[in-house]
Amino acid sequence: MDFRVDMFVHQRWLESRLEISDDIFEEGDDYVTLLPEFFDNLWQPDPYFLNSKIAEIATLTHKFTSVTLYKNKTVRYAARMHAIIACQMEFQLYPMDIQVCPIYIESFSSNNQKVKLRWSDSGVTLNPELKLLQYNLGQPLELEESDGYMPEKVGNFSRLTVYFRFERQIGHHLIQTFAPSSLVVMLSWFSFWLGLDAIPGRVTLLVTCMLTLVTMFTGLRADIPPVAYVKALDLWMAGCMVSVFAALAEFVVVKVLDVQYQYQVNKIPKVLPMRISNMEKGQCATVASWEGGAVRSRKATQTPTTPGQTSLQGNGGPPKPARRQSLLSVAWTDTDTGVEKIMWREIDKVSRAVFPILFFVFVLLYWPILLMKSS
C-alpha cells in the first residue's frame, strides 16, 4: 500500500570552502543562479527517501532543478520531484479509518558526524488548494528530527520524518453503503405482514434482499486491498445479512408450523349430530354416529345417576371417554377471550417488533463504538 506525492524539495547548506569572486554577482544582488555544469563540481549532500518505492526529479525538456549561490557561501538547491511512498495502512476501522503515513529522509553515505539534517523554519507546507477525493489531510503536519542506527550501513545517520494524517471521508460510504443496506434490511421486515397465502411474494422479497446485500458486499471488497482481518464494514454487512437471513429462517419456521396445524386440524374425525328424546321419561333412545362411511345405530340405556343427571350407555359396556385432539403445540385458545391462537401467526406478530428492535440495538452499539475507536 502506498501513496503518491508531488513536491518541491529545497535544500540549503553552508559551503565554507568556496572562494567566491564578487564579479559573478550582478550589481545589487547577493546571489547568483549557477549552471548545472558548475553545480556538478560542488559538494552535495545525498539525502534520499528511506521508504520510497520510486523517487525521481520531474522532467519535461530538462530536469526541473535550480542551484543558487549566495555571497555568504550558502548553497540553495531546489527541485520538483514526485515519489511513491510505501505506507503500512491499517483497515480495521474501515471506512472510519485514519492512516498515518510517514516519509523518512536520510543521508545515504554520510553519517551523523558529517551531515546533520534539520528542518527549516517553514518546515513542510501544503498547497492550500489541495483536495483529496476520499480523505481529509490532517494539519498541522508532525515533523521530527532524530538519529537512528542503520545496520545495513553500520552507523548512526541523521533522519528527518514528516507524518501525513489521512482521515477518510465517511460521506461517500453513508450514501453508497450504509443507507442502502439499512433500507434493504427494513424492506425484509415487510415479509412479516405477508400471510402464508402469499408464499411466492414473501420468498421472492427475502431472497432478493439477500442477493442485493451479497452483491453490494462483493462490490465494496474490490475498493480496498485484501486483508486477513475483519474490518468495521465487514461487521456492518454481516449484521445486515444476518438480519435478512433470520427473516428468511423465520418464514421457514412459520411455514412448518402452519403445515403441522393444517394436518392436525384435518385429522379430527367428524361426528354427525345426535338426537336424544324422551330421556326424562326413561324411554329408550337411539344413538346414531358416523363411522367408516356408514351409519350405525345402537340402543342407549339409562343408568341411575344423581338427580338432574342422565347417562347413556350403549350396547357393549361402560361409556368410553371421547378422544381429545391436542393442538397445544401449534394452536391454543385464549382463556380470556376464547379466541383461537395459532402459533405461526403469533410468531409473525412478534417478529414485526422484535426484528426492528434488534437491528436498532445493533446500530446503537455499532456507531458509538466505531466513532470512539476512530477518534
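With the UniProt record's numbering, letter number 340 in the sequence shown gets 340, and the count goes up by one each step, no holes.
Using N, Cα and C, we set each Cβ at its ideal position, and we do this for glycine too.
Beta-bridge annotation (DSSP): Pro102 is paired with Tyr163.
Ala83 sits in a strand when the DSSP states are folded into three classes. Under the three-state reduction of DSSP output, Tyr366 falls in the helix class.
DSSP places His62 outside both helix and strand once states are collapsed to three, so it counts as coil.
Contact annotation: Glu106 and Leu143 have beta-carbon atoms that are not nearer than 8 Å. Where Arg12 is concerned, the enclosing beta strand (DSSP E) starts and stops at Asp2 to Leu14. About 10 Å separates the CB atoms of Thr59 and Ala79; that is not less than 8 Å, and the two are not in contact. Inter-residue distance for His172 and Tyr149 is about 43 Å (C-alpha atoms, whole angstroms). In the three-state reduction of the DSSP assignment, Ser52 falls in the strand class.
Taking all protein chains shown into account, Met237 has 16 or more neighbouring C-beta atoms within 10 Å of its C-beta and is therefore buried. Rounded to whole angstroms, the separation of the alpha carbons of Ile175 and Lys255 is 36 Å. In this structure, Leu233 places its C-beta atom within 8 Å of the C-beta atom of Pro95. Spanning the alpha carbons of Leu196 and Glu250 requires a straight line of approximately 12 Å. Among the bridge pairs identified by DSSP, Met186 is matched with none.
Assignment of alpha helix (DSSP H) within the segment 195 to 237, counting only whole runs of 4 or more residues, yields 199 to 221 in chain order. For Glu144, the enclosing beta strand (DSSP E) stretches over residues Glu142 to Met150. Our two residues, Arg76 and Leu133, have alpha carbons roughly 35 Å apart in a direct line. Across the structure, Pro102 and Leu220 are spaced so that their CA atoms are roughly 27 Å apart. Boundaries of the alpha helix (DSSP H) around Phe38: Pro36 to Phe39. By the criterion of at least three beta-carbon pairs nearer than 8 Å, the segment 109 to 129 is in contact with the segment 156 to 167.
Ranked by Cα distance from Lys63, the options Pro356, Trp13 and His82 are led by His82. At a Cβ-Cβ threshold of 8 Å, Tyr261 and Val350 do not count as neighbours. In this structure, DSSP gives Leu42 a state outside helix and strand, which the three-state scheme calls coil. Looking at Tyr366, Ser191, Leu205 and Ser375, the one whose alpha-carbon comes closest to that of Ile347 is Ser191.
Leaving aside the five residues that flank Tyr31 on each side, the residues in its chain whose CB is nearer than 6 Å to its CB run, in chain order, Thr68 and Tyr70. According to the DSSP secondary-structure assignment, Ala78 is paired through a beta bridge with His10 and Ser66. Here Ala247 is not near Phe178, since their CB atoms are 8 Å or more apart. The three-state reading of DSSP puts Pro180 in helix, counting H, G and I together. Met241 counts as buried, since at least 16 other C-beta atoms from the protein chains shown sit within 10 angstroms of its C-beta. In terms of Cβ geometry, Ile98 and Glu167 form a close pair [threshold 8 Å]. Going by DSSP, Tyr135 is part of the beta strand (DSSP E) stretching over Tyr135 to Leu137. Put simply, of Val162, Val100 and Phe25 the residue whose alpha carbon is nearest the alpha carbon of Thr125 is Val162. The shortest C-alpha to C-alpha distance from Pro368 to any of Val252, Leu93, Gly123 and Trp189 is the one to Leu93.
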